[in-house]
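Written below as structure tokens is the structure these notes are about.
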Amino acid sequence: MFQYIIKRVIQLIPVIIGITFITFMLFLVVPGDPVRVSLGQHPDPALQERIRHELGMDLPWPVRYGKYLWNAVQGDLGKSIETSEPVTKRILEAFPATLKLATSAMIFAVFFGIPAGIVSATRQYSFADNAFMFMALLGVSTPIFVLGLILQLVFIRYLGVIPGVGYGPGGWASFKHLILPTIALGTIPLAMISRMTRSTLLEQMKSDHVRTARSKGVKEIVVVYKHALKNALIPIVTVIGNYFASLMAGAIITEKVFSWPGLGTTMITAIEKRDMPVVMGVVLFMALVFVVTNLIVDISYAYIDPRVRLK
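Residues 8 to 318, numbered by the numbering used here, are exactly what the sequence shown covers, in order.
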């Protein structure tokens, strides 16, 4: 198991380096001068050149990338062009809000998705099965920004059961303000988890060990939850982990719709102001979160199914 973990960690190193290189090159070819944009319409040429020199933007790109990579390994992602604040500090300040939103969305998806999949599998082609699968298809097909706007329109404007203010930095900790972003962000994972639970559980219900348990007179609830669901959890855990990583790295649209003060809002604000160090730092941090979460999923997958690490 230890050798498997070391192997997976080593495999992640070139992935992370590739992400940093692609991100660096993308922002290198973006037209316009971010320093000029940050200084306004009529910047002082001398001040502009001084800031470019301090940021190392007057160096050849291989040297700039090498310095950026070396500093990033040490946890230094540079300073914001707009505020001169360390990028790492801004990321760490915004990350708890994104973590809270992604965690609540995943809890919502798992809490409702797995039971819906179990009901659909145990009552195949029934009204409940068709209803759950229709809602899952609808959830997968609805874009997050559309669902978010509909939720705001219904629950804030028409029903008034959730306050429409307080999504800013001072109000995001309120539970009421967490409900709608959680539903909007967790709907697609909920739909996929329910569909995966249904398909894998149906496959396990047709297996030999389940038929053997039934032939011995084991109660149906024990057959489902002890014999079938236990083996069906292996791909479900993979889906949950992958989607959690996606939620952590892809909550940008949800945060923008609900003005949630997380990494997504930080990155969009930086893009609007052409604050490239902040944008690059957030992209790199999100990529690291994604690959580390996937590493944890792979390790848990190997722990659940020993055949994975034996390969």
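Just so you know, even glycine gets a beta-carbon here, dropped at the ideal spot from N, CA and C.
Bear in mind the structure is a predicted one, so any value in this text is a computation, not a measurement.
**Asked** Who does LYS86 pair with in a DSSP beta bridge?
**Response** As a first step, residue 86 is located in the sequence shown; it is residue number 79 there, counting from the start. Answer is PRO93.
**Message:** Checking 9 Å against the spacing of the C-beta atoms, do ILE23 and LEU295 come in under that value?
**Reply:** As a first step, residue 23 must be located in the sequence shown, where it is residue number 16. As a first step, residue 295 must be located in the sequence shown, where it is residue number 288. The Cβ-Cβ distance between ILE23 and LEU295 falls below 9 Å.
**Any alpha helix (DSSP H) of 4 or more consecutive residues that is wholly inside the segment 92-149** = You should have 94-129 and 134-148.
**Message:** Taking the straight line between their C-alpha atoms, what separation do you get for VAL16 and LYS96?
**Reply:** Here the question's residue 16 lines up with position 9 in the sequence shown. Here the question's residue 96 lines up with position 89 in the sequence shown. Taking the straight line from one Cα to the other gives about 26 Å.
**Test item: CB-CB of PRO188 and GLY155 under 9 Å** = Position 181 of the sequence shown, counted from the start, is the residue given in the question as residue 188. Position 148 of the sequence shown, counted from the start, is the residue given in the question as residue 155. Yes. Within cutoff.
**Request:** Keeping to the same chain, check which residues put their C-beta closer than 8 Å to that of GLN131; ignore five residues upstream and five downstream.
**Result:** The residue you call residue 131 lines up with position 124 of the sequence shown. Same-chain partners within the cutoff: LEU209.
**Item:** LEU84 and LEU291 closer than 9 Å at C-beta
**Value:** On the sequence shown, position 77 is the one that residue 84 refers to. On the sequence shown, position 284 is the one that residue 291 refers to. Yes, the Cβ-Cβ distance between LEU84 and LEU291 is below 9 Å.
**Prompt:** Any idea what DSSP makes of ASP215, helix, strand or coil?
**Reply:** As a working mapping, residue 215 is identified with position 208 in the sequence shown. ASP215 falls in the helix class under three-state DSSP.
**Message:** Whether or not the segment 193-204 and the segment 114-128 are in contact is what I'm after, with contact meaning three or more pairs of Cβ atoms, one per stretch, closer than 8 Å; do they touch?
**Reply:** Remark: three or more beta-carbon pairs, one from each stretch, lie closer than 8 Å, so the segment 114-128 and the segment 193-204 are flagged as touching.
**Request:** Return the residue from the list VAL286, ALA258 and ASP215 that minimises the CA-CA distance to GLU89.
**Result:** On the sequence shown, position 82 is the one that residue 89 refers to. For the options VAL286, ALA258 and ASP215, the alpha carbon positioned closest to that of GLU89 is the one of VAL286.
**Message:** Using a 10 Å radius around the Cβ and a threshold of 16 neighbouring Cβ atoms, would you call ASN301 buried or exposed?
**Reply:** To locate residue 301, count along the sequence shown from 1; it is residue 294. Its Cβ being crowded by 16 or more others within 10 Å, ASN301 is buried.
**Message:** So ALA258 and GLY271 are supposed to be a Cβ contact under 8 Å. How far apart are they, rounded?
**Reply:** Along the sequence shown, read from residue 1 onward, the residue named residue 258 stands at position 251. Along the sequence shown, read from residue 1 onward, the residue named residue 271 stands at position 264. ALA258 to GLY271, Cβ: 5 Å. Contact.
**Message:** Distance check for GLY25 and VAL304, CA to CA, integer angstroms please.
**Reply:** What you label residue 304 is simply residue 297 of the sequence shown in a count that begins at 1. What you label residue 25 is simply residue 18 of the sequence shown in a count that begins at 1. VAL304 and GLY25: Cα-Cα distance of roughly 21 Å.
**Prompt:** Just how far apart, CA to CA, sit ILE157 and GLU262?
**Reply:** Here the question's residue 157 lines up with position 150 in the sequence shown. Here the question's residue 262 lines up with position 255 in the sequence shown. For ILE157 and GLU262, the distance between alpha carbons rounds to 15 Å.
**Request:** Please work out which residues of its chain come closer than 6 Å, Cβ to Cβ, to GLY177, disregarding the five sequence neighbours upstream and downstream, and give them in chain order.
**Result:** Taking the first residue of the sequence shown as 1, we reach residue 177 at position 170. Reliability fails at GLY177, whose pLDDT of 44 lies under 50, so the model's placement of it is uncertain and no value is given.
**Local conformation of GLY269 per DSSP, three classes** = The count along the sequence shown starts at 1 and reaches residue 269 at position 262. Judged by DSSP in its simplified three-state form, GLY269 adopts coil rather than helix or strand.
**Request:** For PHE9, count neighbouring Cβ atoms within 10 angstroms of its own Cβ and tell me buried if that reaches 16, exposed if not.
**Result:** Looking up residue 9 in the sequence shown gives position 2. Burial call: exposed.
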